[in-house]
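Numbering (this note's numbering), first residue to last: 932 to 1296.
Take a look at the structure below.
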Amino acid sequence: MTTAAPLTVLGLETSCDETAAAVVRLWPDDRVDVLSSVVASQIAAHAPYGGVVPEIAARAHVEVIGAMAAQALEAARIGYGDLTGVAATAGPGLVGGVMVGLSFGKAVALARGLPLAAVNHLEGHAVSARLAADLPYPFLLLLVSGGHCQLLEVAGVGAHKRLGTTIDDAAGEAFDKIAKALGLPYPGGPALEKLAQGGDADRYPLPRALLGRAGCDFSFSGLKTAAARLADTVSTPSERRDLAAAVQAAIARQLAERAERAMDAYAARRAGQALRFVVAGGVAANRAVRARLEHSAQARGFSFTAPPLAYCTDNAAMIALAGAERLAQGLIDPLDAPARPRWPLDQAAALAAPTHVAGRKGAKA
Ligand code: KG4
Ligand code: ZN
């Protein structure tokens, strides 16, 4: 940390279906205060289509971004003149939405003479556990959201090494698609978790992808296909509940099994040093997933940290903090910083083993 005074940063998040704004204060000793964090969800606008419609999302962001920023400042009891920086998500995500928040952030930076941080949304998720817990670097991170499923070594600001990623769907995508096959409303993850309550996870056997396979990559397409087929055969409430419980357990189990491999490799390289495991992203809101990972981490001598539920799903506090950490290191982005629909955190790993090939559906970074 190189600054003497605290940084007070406005964060803006518009990469998917939430328009979010927040004010975060980062102190020179690494303390973090979330002064405000507000989220306008577009769920109702997309629900009739069963998923996010990019053009509807972009328009909805345009309509509320100014009001959300004003609301975040008001809730923080400060004005634009009290800010020392602006952070906006610059990708990865739906480019129309990203451009709304990024352009708004650039305008604030220009008008107020503030430094801009064009933040990688994934870096926001990566720091999200630091919003509410005393969590120093380095740590091992499982990032599980609607678009991503990755194991990363996070050494510090902007220093990410990817240990594993999904070779097909992201975990959140699997939750969403299987939930849809069960006739549950969008977004499927929370709805499936609710349906699974009290269910018998052992009633329906589901495939265990990559079991025993070396490395820490993930695969959910086999599970998705098997679960969708079973979804056509279940009808009674108890059958549906048991299938939902089986799906949730299968996803949690794969996440834990692959994370355990990453933990073992990470621990072997860091003998005698503190071992920290963090799970973040929308799927980290799932209680079964959290519990399974906490168990795996503790059994291996790792501390376990997951953000509070409100910081698991998309929010702007994590973007403000990621931006503040970058600004504190003197990393200021130019006002022509581009919106980047695809933007892997570990560029080298993504180039060496691309998971997205033109014409093929796959992970977005
Ligand atoms: O991080 P996020 O809000 O947005 C992305 O960056 O993708 O993650 C959204 C994903 C969706 O797939 C959603 O279904 C999933 O997180 N999700 C959950 C739960 N809450 C959100 N999945 C399972 N259980 C939950 N409770
Ligand atoms: Zn996200």
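All C-beta atoms in this analysis are idealised placements derived from N, C-alpha and C, irrespective of residue type, glycine included.
Reduced DSSP category for residue i - H, G, I as helix; E, B as strand; rest coil
i       : result
Val1026 : helix
Leu938  : strand
Asp1013 : helix
Thr950  : strand
Val972  : Here residue 972 turns out to be Ser, not Val, going by the sequence shown. Reduced to three states, the DSSP call for Ser972 is strand.
Phe1235 : strand
Arg1291 : In this prediction, Arg1291 has a pLDDT of 38, which is less than 50 and means its spatial position is unreliable; what the coordinates show is noted afterwards. Coil at Arg1291, not helix or strand.
Phe1035 : helix
Leu1115 : coil
Asp1264 : strand
His1056 : helix
Leu1141 : coil
Leu1045 : coil
Pro1136 : coil
Contacting residues, own chain, Cβ-Cβ under 8 angstroms from residue i (five flanking each side not counted)
i       : result
Arg1189 : Leu1082, Gly1095, Leu1141, Cys1147, Asp1148 and Phe1149
His1226 : Ala1187
Arg1061 : Val963 and Leu1252
Leu1025 : Ser946, Cys947, Val983, Pro985, Ala988, Ala989 and Pro1272
Arg1221 : Val1210, Ala1215 and Ala1237
Sequence-distant residues of its chain with Cβ nearer than 7 angstroms to residue i (five each side left out)
i       : result
Pro1116 : Ala978 and Ala1122
Pro1239 : Ala1063
Tyr1135 : Leu1161, Asp1173, Leu1174 and Ala1177
Arg1043 : Tyr1011 and Leu1014
Asp1264 : Leu1047, Ala1048 and Ala1049
Which residues DSSP lists as bridging residue i, in chain order
i       : result
Glu1084 : Leu1071 and Lys1092
Thr945  : DSSP output for Thr945 lists no bridge partner at all.
Phe1208 : Leu1071 and Phe1235
Asn1051 : Gly1022
Phe1149 : Thr1097
Ser967  : Val954
Asp1277 : Beta-bridge pairing links Asp1277 to no other residue.
Asp1107 : Answer by DSSP bridge pairing: none, since Asp1107 is not bridged.
Residues of its chain near residue i, where Cβ-Cβ distance is below 6 angstroms and the 5 sequence neighbours each way are ignored
i       : result
Ser972  : Glu949
Ser1059 : Ala1211, Pro1238, Tyr1242 and Met1249
Leu1206 : Ala1198, Gly1232 and Phe1233
Ala1300 : This structure does not reach residue 1300, given that the chain is present from 932 up to 1296, and the question cannot be answered.
Ala1159 : Ala1112
Ala1040 : Val1017 and Leu1047
Hey, is the segment 1030-1037 in contact with the segment 990-1010, meaning 3+ C-beta pairs nearer than 8 angstroms? Between the segment 1030-1037 and the segment 990-1010, the count of C-beta pairs closer than 8 angstroms reaches three or more; the two stretches touch.
Just to be sure I understand the criterion: a residue counts if its Cβ is closer than 5 angstroms to at least one heavy atom of ligand 1. Which residues meet that? Ser1076, Gly1077, Gly1078, Gly1103, Phe1106, Asp1107, Pro1118, Gly1120, Pro1121, Glu1124, Gly1212, Gly1213, Val1214, Ala1216, Asn1217, Thr1244 and Asp1245
Could you tell me whether the segment 951-959 touches the segment 999-1011, using the rule of 3 or more Cβ pairs below 8 angstroms? Enough Cβ pairs lie closer than 8 angstroms, so yes.
Contact between the segment 1090-1106 and the segment 1264-1273: three or more CB pairs below 8 angstroms? Touching, no, given that fewer than three Cβ pairs across the two stretches are closer than 8 angstroms.
Tell me, please, whether the segment 1063-1077 touches the segment 1007-1026 by the rule of three or more beta-carbon pairs shorter than 8 angstroms. The segment 1063-1077 is not in contact with the segment 1007-1026.
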